[in-house]
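Below you'll find the structure, written out as structure tokens, and then a few comments.
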Amino acid sequence: SASESHPMQGICSVECDTELTSSSGKILIKQGTVVNAHHKVLADVYIEDGIIVSVRPNIAVGDDVKVIDATGKYVMPGGIDPHTHLEMDFMGTGTIDDFYTGQAAALAGGTTMHIDFVIPINGNLSAGFASYVHKAKKSVMDYGFHMAITKWDEAVSKEMELMVKENGINSFKFFMAYKGALMINDELLLHGLEKCKSLGALAMVHAENGDAVAEGQKRIFDLGITGPEGHALSRPPVLEGEATARAIRLASFINAPLYVVHVMSIDAMEEIAKARKSGQRVIGEPVVSGLTLDESGLWDSDFTTAAKYVMSPPIRRTGHDKALQDALATGILQLVGTDHCTFNSTQKAFGYGDFRKIPNGVNGIEERMHLVWETMVESGKISVTDYVRITSTECAKIFNIYPRKGAILEGSDADIIVLNPNASFRISAISHHSRSDTNVYEGKTGKGKVEVTISGGRVVWEEGNLKITSGSGKYIKMPPFSYLFDGIDKADAAYLASLRSPVHRTGAAY
Ligand code: URP
Ligand code: ZN
Ligand code: ZN
Ligand code: ZN
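Set out below in structure tokens:
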């Protein structure tokens with residue numbers, strides 16, 4: 034069961050307070066620049082019982098209210114990380130951050146909600162869901178679920194419907210890689226796209242050609258390259274580009290919206306750009322590692338250092354990172370995730386002497402808000418309002434929980450951060466809140482620091498201290514038929530009407 038232990042004790046300096054910070058639940062954030070995706074304005078924000086009650090200048094309050102001075106600082110919606118793997122069984126082991134430590138890390142870095150991937154158990158969706166409901170009982174912040182689809186039959190199809198209609202899931206992920214484990218084939222992807230479309234659920238793809246990856250792994254290993262660099266060499270960008278293009282074309286054929294997770298290469302990004310330019314509903318999610326790192330770490334002579342960078346698709350050669358930043362800045366890619374999927378160095382060492390056995394995954398849930406600020410805003414690439422859009426608002430819209438999440442508006446949940454643009458951050462495994470003993474962003478510094486995090490109307494991060502309560506996080510049900518589905522029925526009707534006309538034929542990719 035979930036709440037019996039304090040998993041972080043002895044590992045870091047987190048305090049596990051059981052009392053609310055402000056017993057009245059009343060907070061006033063004064064004099065900050067309140068930033069939403071659509072607008073920024075100098076105003077106060079008043080919170081009561083977990084909800085934003087008022088956003089306007091000069092709000093007067095009594096002395097039972099906790100006041101936070103945000104003069105000279107940005108007051109923004111808490112980050113929403115669309116892509117995490119907490120306590121996931123994967124590659125013969127389990128990710129080391131659970132729903133307590135992973136969320137503690139998130140809150141310390143200004144992220145107040147995440148969406149994690151439920152993995153079915155032997156293809157059984159309900160069993161997978163039940164297992165994640167249990168894992169998430171120790172949650173300290175709000176969370177939602179996507180679900181992976183790993184096999185296909187009538188039961189799976191029926192259960193997808195149950196997940197959407199009863200369990201608050203509105204997105205399903207299809208792995209085109211990890212042959213012999215999670216990988217699906219084109220036939221399953223087509224069935225999945227059709228089913229998703231009928232349910233108003235968003236199909237997501239891990240786009241790499243898994244058959245070619247298996248060949249590439251054998252080729253590189255047989256050449257005698259057994260270290261972590263073999264990971265990058267065995268699954269080059271062309272395999273990501275191919276699978277991205279294939280998934281996009283199949284989604285076009287079905288006329289279903291598509292979400293491409295962890296876009297790591299120019300090759301994949303350009304397929305998304307081309308599809309969007311032609312009017313197709315494709316969402317591209319770069320992740321922090323792809324935006325801010327290059328593959329050089331994989332060549333480090335120290336195995337422990339090199340192995341920590343192993344994730345799939347791989348972190349690419351320098352140049353891909355900058356291209357992904359530019360695509361994100363210009364709306365070709367829409368939101369930033371992390372793919373937070375941590376293994377400590379003991380677990381990574383399972384692949385010593387064979388890169389194919391290194392558990393795939395990197396950290397990022399705590400670092401995302403700071404690194405995106407530094408890379409995109411501090412660098413001058415995007416506005417502060419666009420920062421809010423790509424770290425929070427767009428995610429809330431895509432997964433249909435806006436404006437409850439992703440906005441500082443009257444009636445929205447009080448998930449809020451105060452960011453000081455003049456303070457600086459420094460990342461290290463010594464001070465981070467993840468349970469992992471390494472950090473792929475080790476030593477990175479920058480300007481812009483999340484000084485306060487408010488989650489569900491409670492101050493959970495202030496002056497470098499976490500005050501979190503196991504079990505206080507809520508499961509956020511995500512309803513189907515987000516804005517991405519508006520008009521799909523009209524396009525389908527036009528397609529049907531045009532079938533008998535050689536001149537006016539439309540839809541199903543012609
Ligand atoms: O290496 C990665 N990305 N691990 C997590 C699983 C996935 O593919 O998202
Ligand atoms: Zn504790
Ligand atoms: Zn993936
Ligand atoms: Zn992932």
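Its first residue numbered 34, the sequence shown is counted upward by one per residue in our numbering. The C-beta atom is built at its ideal place from N, Cα and C for all residues, glycine as well.
- Note: Ser416 is not bridge-paired with any residue in the DSSP secondary-structure output.
- Residue state for Phe150 is assigned as strand, using DSSP reduced to three classes.
- Annotation: Ile80 is outside any alpha helix (DSSP H); the continuous beta strand (DSSP E) that includes it extends over Lys73 to Glu81.
- Fully enclosed beta strand (DSSP E) runs of no fewer than 3 residues occupy 449-459 of the region 381-466, in order along the chain.
- Distance from the C-beta of His239 to the nearest heavy atom of ligand 3 is below 7 angstroms.
- Checking the DSSP bridge columns, you'll see Met109 partnered with Ile450.
- For Asp77, the number of other beta carbons within 10 angstroms of its own is at least 16, and it is reported as buried.
- Counting only residues of its own chain and dropping the five nearest sequence neighbours on each side, Ala306 has a CB closer than 6 angstroms to the CB of Ile365.
- Asp131 sits in coil when the DSSP states are folded into three classes, being neither helix nor strand.
- Relative to ligand 4, the beta carbon of His264 is positioned no closer than 7 angstroms to any heavy atom.
- In the three-state reduction of the DSSP assignment, Ile253 falls in the helix class.
- Relative to the Cα of Pro436, the nearest Cα in the group Gly111, Ala541 and Lys184 belongs to Gly111.
- Look at Val294: its beta carbon is less than 7 angstroms from one of the heavy atoms in ligand 3.
- Pairing Ile423 with Val369 gives a Cβ-Cβ distance under 8 angstroms.
- With the rule of 3 Cβ pairs closer than 8 angstroms, the region 79-91 does not count as touching the region 338-349.
- By the C-beta density criterion, His403 is buried, having at least 16 other C-beta atoms within 10 angstroms.
- For Thr145 against Cys374, the beta-carbon gap comes to about 20 angstroms, at or over 8 angstroms, which does not count as contact.
- Of the residues assessed, Ile463 falls on the exposed side of the cut-off, its CB having fewer than 16 other CB atoms within 10 angstroms.
- For the region 248-309, the full-length beta strand (DSSP E) segments reaching 3 residues or more read 291-293 along the chain.
- Straight through space, the alpha carbons of Val536 and Phe286 are spaced by roughly 19 angstroms.
- Pairing Pro261 with Met297 gives a Cβ-Cβ distance that is not under 8 angstroms.
- The alpha carbon of Phe208 has as its nearest neighbour, out of Glu241, Val395, Leu223 and Phe178, the alpha carbon of Glu241.
- Relative to the Cα of Asn393, the nearest Cα in the group Met344, Ile316 and Val189 belongs to Met344.
- With contacts defined by Cβ atoms closer than 8 angstroms, Ser467 and Asp130 form a contacting pair.
- Taking the Cα of Val294 as reference, the smallest distance to any Cα among Met511, Tyr107 and His118 is reached at His118.
- Looking only at Gly274, Pro290 and Glu187, the smallest Cα-Cα distance to Ala236 is reached by Pro290.
- Note that the region 486-501 does not touch the region 147-166; fewer than 3 beta-carbon pairs, one per stretch, sit closer than 8 angstroms.
- At a cut-off of 7 angstroms, the beta-carbon of Asp175 does not count as near ligand 4: no heavy atom of the ligand is closer than that.
- Its chain contains Phe150, Ile152 and Lys206 as the residues whose beta carbon lies nearer than 6 angstroms to that of Ala181, once the 5 sequence neighbours on both sides are disregarded; these appear in chain order.
- For Tyr508, there is no enclosing beta strand (DSSP E), as DSSP marks it with neither H nor E.
- Beta-bridge pairing by DSSP links Tyr176 to His147 and Tyr508.
- The beta carbon of Leu215 sits closer than 6 angstroms to those of Thr183 and Phe208, all from its chain and outside the five residues before and after it, given in chain order.
- Distances from the alpha-carbon of Ala210 to those of Ala265, Lys230, Ala276 and Ser412 put Ala276 closest.
- Counting of Cβ neighbours within 10 angstroms places His465 among the buried residues, the total reaching 16 or more.
- Judged by DSSP secondary structure, Glu120 falls outside any beta strand (DSSP E); it is assigned neither H nor E.
- For Met121 and Gly135, the gap between their C-alpha atoms comes out near 12 angstroms.
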